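**Q** Residue numbers (the numbering used here), protein chains in the order written: chain A, 4 to 187; chain B, 516 to 965. Just so you know, even glycine gets a beta-carbon here, dropped at the ideal spot from N, CA and C. The model shown is predicted, which means the values in this text are computed figures rather than measured ones. One structure, as structure tokens, below. Some questions next.
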Amino acid sequence: MVCDKTLSDPAEEAIRVLLEEVLGCLRIAGQAPLGSRLDSRGTALSAISRFRLRVDRVCLPAPDVLLPALDAAVEEALADTGAKTDRAPPILDSELPRQNGRAQESRLDHPARSGEEALLPLAAWLDRVYEAIQSIDARASEVVALRVEGFTDREIAERLELGLRLVKRILCDLRAAVPWGAGR
Amino acid sequence: MILPLIARHAEHAEREVGRYAAWEAALLRVGSDWKCGKPVRVAELLDYVEKVGLEQRSDALQDLISAHLRLSWQAGHGQELETYFTELSGEVDGQLTPSTVPPELVEDELIARHILPHGDLPSLEAYSQRFAGRADVMRLLEGRCLGGGRYVKLSRLGRGAMGEVWRTCDRRLRRLVAIKTPRAELSADPDVIRRFADEAVATAGLEHPGIAAVHEYSAEDGALPYCVLKLVTGKTLGERIRSFHQPPVLRTSSQQRNEWSHLLQAFANACEAVAFAHSRGVLHCDLKPANIVLGEYGEAVVLDWGLGRRGGLEPTAPEAVVLGTPEYMAPEQADGNLGPQSDVFGLGAILHEMLTGRPPHAWPDGCRPADWRAIVRQARCLHPRLLGRGVSRALAAVCRKALARDPADRYEGAAQLARDVRRHISGEPVGQRGQVLLRNVRRWLRLLRS
């Protein structure tokens with residue numbers, strides 16, 4: 004995408020906040036004292052679930068690196084606190100957005116790894132996302148920020164005084180620009 | 516002064532480098548021309564897309580048709596889509612005919628024709644005749660309608676955890692109303708539906724100028740239940756507080772004093788509405804500035820009684836822990852214990868934001884931490900006078916009492932809080948400070964005795 008404007012604050016901010024929320028919860032799940040362990044684990048799972056729903060809302064396929072990385076990190080964090088990992092409800096497959104069944108397959112393909120190991124591909128993926136986001140123009144970043152907040156295409160068009168088809172085009176370009184898959 | 520600015524903005528958008536700059540500029544120019552009193556004729560839309568690249572032109576023209584439909588019907592001389600078919604058909608990919616028109620354009624027409632409820636309001640049957648055989652079009656239009664086509668949803672006003680509210684046209688009574696429905700993805704959850712029905716019944720029993728009146732509730736088999744409410748147009752208290760705390764670049768000090776006085780009056784009115792609800796056994800449980808709308812006639816209306824409790828003010832089940840907004844939540848609410856004092860805390864939290872520009876539980880960097888419940892339980896709210904410059908001592912004391920950690924130390928009810936705020940507005944001394952001193956002396960005496 005050709006554009007003079009380099010930084011897209013709202014979009015970058017939206018994704019940064021989402022990821023920090025998830026990673027913050029993971030840290031808490033890993034460090035929480037025994038008494039509040041279950042509560043923390045529940046919060047972490049809920050945050051991850053929310054994160055996935057929001058990713059889905061942007062109409063972008065859930066990245067096949069992100070999901071197993073998060074799953075493994077949660078398992079690892081729970082194991083650190085002494086919780087039985089088999090008791091931990093794995094991030095429920097049925098309640099999560101799935102694209103072409105890829106996420107479920109990838110979960111089976113990725114046995115539990117150490118938390119750090121699991122987060123490495125996540126970090127690499129984040130780097131690629133940030134690079135891609137920096138090439139998005141200001142208008143597109145406004146569109147994606149509203150999308151992350153849950154607005155429909157029509158509502159985004161009304162709020163930004165754009166046309167419905169223009170919003171759809173911008174989101175379509177975004178899908179092509181951001182590397183949402185592991186190997187792409 | 517404004518019009519040249521709009522025109523300049525349009526020019527600027529055109530010059531701006533960007534893939535869709537010409538498309539965006541065309542949309543902006545159509546809007547600004549209408550606002551400048553230059554109605555655009557249908558055939559002239561082609562002139563606006565001249566500078567748009569060929570690959571984008573068809574979609575851009577459809578966006579212009581949407582904008583033109585809205586502007587022309589709002590101005591009272593709109594035309595049906597068929598006019599656009601005649602004049603622009605060859606310019607859009609796949610031709611514009613009743614059998615090929617994109618369904619979204621028909622939806623645009625339906626919305627545009629219902630923005631002014633006293634205009635010509637076509638029925639769904641009329642559309643099914645005009646677009647015979649277009650099941651996709653009718654599916655989309657039916658999704659916009661409720662109550663057998665009586666209500667046409669125009670735009671979503673807001674969305675909460677469980678429901679959403681739409682600005683809606685009531686075709687039968689030719690007026691705009693608000694319609695609340697459960698979120699579609701939760702409509703299969705019987706608990707959500709039960710809570711939604713409870714809210715409708717609870718709100719319907721609250722006939723007060725500070726609470727949006729319920730006109731109708733419908734829960735027919737197989738259809739999404741909905742609740743028709745009075746439409747309150749205006750800014751939320753949250754928006755007004757934000758604009759009040761912005762640097763006063765264009766406001767004089769007297770304008771600022773007036774604005775503050777309006778905010779305080781609205782707050783007192785909201786307290787009285789909540790007090791009325793309490794007298795009928797209904798708690799709100801989610802009081803925050805975003806849930807209070809200041810109407811165009813100066814009225815303050817408390818919205819969103821979706822988390823409210825009725826039929827007694829006893830503590831609720833632990834499941835209620837997750838309900839409410841943590842930034843404004845009473846400490847006991849984080850443990851699922853609710854009472855009128857929880858709402859008093861919520862009102863105190865609103866007053867705190869009015870005084871300081873931020874809620875009592877404000878998180879670092881604006882990100883809510885995962886352990887927010889522990890923070891809410893501690894209720895360590897900073898003194899408003901430490902956060903805001905020139906905060907009145909009396910109001911700060913009122914706010915502190917409403918935000919007391921122990922519910923027993925707060926106001927007995929919202930009515931007492933409203934009374935103190937009204938006293939402050941009329942320049943009378945607020946009894947709060949003396950009472951706090953007296954209570955502290957009593958505590959010390961009790962401690963000494965023990």
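Could you tell me the alpha carbon to alpha carbon distance between V621/B and R709/B, rounded to whole angstroms?
**A** Stepping through the second sequence from its first residue, residue 621/B is reached at position 106. Stepping through the second sequence from its first residue, residue 709/B is reached at position 194. In a straight line, the C-alpha of V621/B is about 35 Å away from that of R709/B.
**Q** Over the uninterrupted beta strand (DSSP E) stretch that includes H730/B, give me the two end residues.
**A** As a working mapping, residue 730/B is identified with position 215 in the second sequence. H730/B -> beta strand (DSSP E) spans 729-733.
**Q** In chain A, which residues lie less than 7 Å from W538/B when you measure between Cβ atoms?
**A** As a position in the second sequence, residue 538/B is number 23, starting the count at 1. Residues of chain A passing the Cβ test: L169.
**Q** Does T615/B pass the burial test, meaning 16 or more other C-beta atoms within 10 Å, or should it be called exposed?
**A** Reading the second sequence from its first residue, position 100 is the one you call residue 615/B. T615/B should be labelled exposed.
**Q** Within 10 angstroms of the Cβ of A734/B, are there 16 or more other Cβ atoms? Answer buried if so, exposed if not.
**A** As a working note, residue 734/B is residue 219 in the second sequence. Exposed is the call here.
**Q** Give the residues of chain B in contact with L149/A, contact being defined as C-beta atoms less than 8 Å apart.
**A** Counting from one through the first sequence, the residue named residue 149/A turns up at place 146. Ordered by position in chain B, no residue passes the 8 Å Cβ test against L149/A, which lies about 12 Å from the chain.
**Q** One question on the structure: do D786/B and L862/B come within less than 8 Å of each other, judged by their Cβ atoms?
**A** Position 271 of the second sequence holds residue 786/B. Position 347 of the second sequence holds residue 862/B. Asp is not the amino acid found at residue 786/B; the sequence shown has Cys there. Cβ atoms of C786/B and L862/B: closer than 8 Å.
**Q** Applying the 10 Å Cβ sphere with the 16-neighbour rule, what's the burial state of L901/B?
**A** Counting from one through the second sequence, the residue named residue 901/B turns up at place 386. Classification for L901/B: exposed.
**Q** Between which residues of its own chain and A783/B is the CB-CB distance below 8 Å, once the five residues before and five after are set aside?
**A** Along the second sequence, read from residue 1 onward, the residue named residue 783/B stands at position 268. Here the set comprises A933, V936, R937, I940.
**Q** What does L165/A reach in chain B if we use C-beta pairs closer than 7 Å?
**A** Position 162 of the first sequence holds residue 165/A. Residues of chain B whose Cβ lies closer than 7 Å to the Cβ of L165/A are, in chain order, E539, L542.
**Q** T683/B bridges to which residues according to DSSP?
**A** As a first step, residue 683/B is located in the second sequence; it is residue number 168 there, counting from the start. K668/B, V692/B.
**Q** DSSP three-state label for G507/B, please.
**A** In the structure as shown, chain B begins at 516 and stops at 965. Residue 507/B is therefore absent and cannot be evaluated.
**Q** With a threshold of 8 Å on Cβ separation, who are the neighbours of V906/B within its own chain once the five nearest residues in sequence on each side are excluded?
**A** Looking up residue 906/B in the second sequence gives position 391. The beta carbon of V906/B lies closer than 8 Å to those of L870, T871, P899, R900 in the same chain, with the five residues before and after it left out.
**Q** Report the residue from L596/B, L656/B, R674/B, Y843/B whose alpha carbon sits nearest the alpha carbon of K668/B.
**A** For the purposes of this step, residue 668/B is identified with residue 153 of the second sequence, where counting begins at 1. Nearest of L596/B, L656/B, R674/B, Y843/B to K668/B, Cα basis: L656/B.
**Q** Considering only residues of the same chain and omitting the five flanking positions on each side of R585/B, which have a CB-CB separation below 6 Å?
**A** By 1-based counting over the second sequence, the position of residue 585/B is 70. Cβ within range, chain order: A627.
**Q** Report the residue from P875/B, W538/B, G591/B whose alpha carbon sits nearest the alpha carbon of Q571/B.
**A** Along the second sequence, read from residue 1 onward, the residue named residue 571/B stands at position 56. It is W538/B whose Cα lies nearest to the Cα of Q571/B.
**Q** For the candidate residues P855/B, S702/B, S573/B, V945/B, whose alpha-carbon lies nearest to that of R795/B?
**A** Numbered from its first residue, the second sequence carries residue 795/B at position 280. Checked all of P855/B, S702/B, S573/B, V945/B; the closest Cα to R795/B is P855/B.
**Q** Less than 6 Å between C-beta atoms, sequence neighbours within five positions excluded: which residues of the same chain meet that for V692/B?
**A** As a position in the second sequence, residue 692/B is number 177, starting the count at 1. Contacts found: T683, D685, V743, L746.
**Q** On the criterion of 16 or more Cβ atoms from any shown chain inside 10 Å, does G85/A qualify as buried, or is it exposed?
**A** Position 82 of the first sequence, counting from 1, holds the residue named residue 85/A. In this prediction, G85/A scores a pLDDT of 46, lower than 50, which makes its location untrustworthy; the coordinate-derived value is nonetheless stated afterwards. When all chains shown are included, G85/A counts as exposed.
**Q** In the DSSP assignment, the beta strand (DSSP E) including Y741/B goes from what residue to what residue?
**A** Taking the first residue of the second sequence as position 1, residue 741/B is located at position 226. In this chain, the beta strand (DSSP E) harbouring Y741/B covers 741-744.
**Q** Could you spell out the range, first to last residue, of the beta strand (DSSP E) harbouring K566/B?
**A** Indexing the second sequence from 1 puts residue 566/B at position 51. That residue, K566/B, is in no beta strand (DSSP E); it is neither H nor E in DSSP.
**Q** From A912/B to Q931/B, what does the alpha carbon distance come to, in whole angstroms?
**A** Here residue 912/B corresponds to residue number 397 of the second sequence, with the count starting at 1. Here residue 931/B corresponds to residue number 416 of the second sequence, with the count starting at 1. Cα-Cα distance, rounded: 14 Å.
**Q** Can you tell me which of the three DSSP states R674/B falls into?
**A** As a first step, residue 674/B must be located in the second sequence, where it is residue number 159. Strand, per DSSP.
**Q** Taking 8 Å as the CB-CB cut-off, is L177/A touching chain B?
**A** Within the first sequence, residue 177/A is the residue found at index 174, counting from 1. L177/A does not count as touching chain B.
**Q** CA-CA distance, H799/B and R873/B?
**A** Translated into the one-based positions of the second sequence, residue 799/B becomes position 284. Translated into the one-based positions of the second sequence, residue 873/B becomes position 358. For H799/B and R873/B, the distance between alpha carbons rounds to 21 Å.
**Q** Is there a C-beta anywhere in chain A that falls below 8 Å from the one on D679/B?
**A** Walking along the second sequence from the start, residue 679/B turns up at place 164. A small fix is needed here, since residue 679/B is Glu in this sequence, not Asp. Judged by the 8 Å Cβ criterion, E679/B is not in contact with chain A.
**Q** Could you check how far apart the C-beta atoms of F791/B and L721/B are, in whole angstroms? I think they sit under 8 Å.
**A** On the second sequence, residue 791/B is found 276 positions in, with the first residue counted as 1. On the second sequence, residue 721/B is found 206 positions in, with the first residue counted as 1. Right, the Cβ-Cβ distance comes to about 7 Å (below 8 Å), so this counts as a contact.
**Q** For a test of the three-state rule: what should DSSP assign to P64/A, helix, strand or coil?
**A** Taking the first residue of the first sequence as 1, we reach residue 64/A at position 61. Residue confidence is low: P64/A scores 44 on pLDDT, short of 50, so the model does not pin down where it sits. Its coordinate-derived value is still stated next. When DSSP states are grouped into helix, strand and coil, P64/A belongs to the coil group.
**Q** Run down chain A in chain order and give the residues with a C-beta less than 7 Å from the C-beta of Y666/B.
**A** Locating residue 666/B in the second sequence gives position 151, counting from the first residue. Ordered by position in chain A, no residue passes the 7 Å Cβ test against Y666/B, which lies about 18 Å from the chain.
**Q** In whole angstroms, what is the alpha-carbon distance linking A849/B and E842/B?
**A** As a working note, residue 849/B is residue 334 in the second sequence. As a working note, residue 842/B is residue 327 in the second sequence. Roughly 11 Å between the two C-alpha positions.
**Q** According to DSSP, is K487/B helix, strand or coil?
**A** Nothing about residue 487/B can be read from this structure; chain B reaches only from 516 to 965.
**Q** Do you know offhand how far S587/B's Cα is from S573/B's?
**A** Within the second sequence, the letter at position 72 stands for residue 587/B. Within the second sequence, the letter at position 58 stands for residue 573/B. If I take the Cα positions, the gap works out to 21 Å.
**Q** Report yes if the CB atom of L560/B is closer than 8 Å to the CB atom of H592/B, and no otherwise.
**A** On the second sequence, residue 560/B is found 45 positions in, with the first residue counted as 1. On the second sequence, residue 592/B is found 77 positions in, with the first residue counted as 1. Not a contact, by the Cβ cut-off of 8 Å.
**Q** Quick one: grab the DSSP three-state call for P697/B.
**A** Indexing the second sequence from 1 puts residue 697/B at position 182. Three-state result, P697/B: strand.
**Q** What does E214/A touch in chain B if you count any residue whose Cβ is under 9 Å from its own?
**A** Absent from the structure is residue 214/A, since the part of chain A shown begins at 4 and ends at 187.
**Q** Please confirm if Q893/B has its CB atom under 8 Å from at least one CB of chain A.
**A** Numbered from 1 along the second sequence, position 378 holds the residue referred to as residue 893/B. Not an interface residue.
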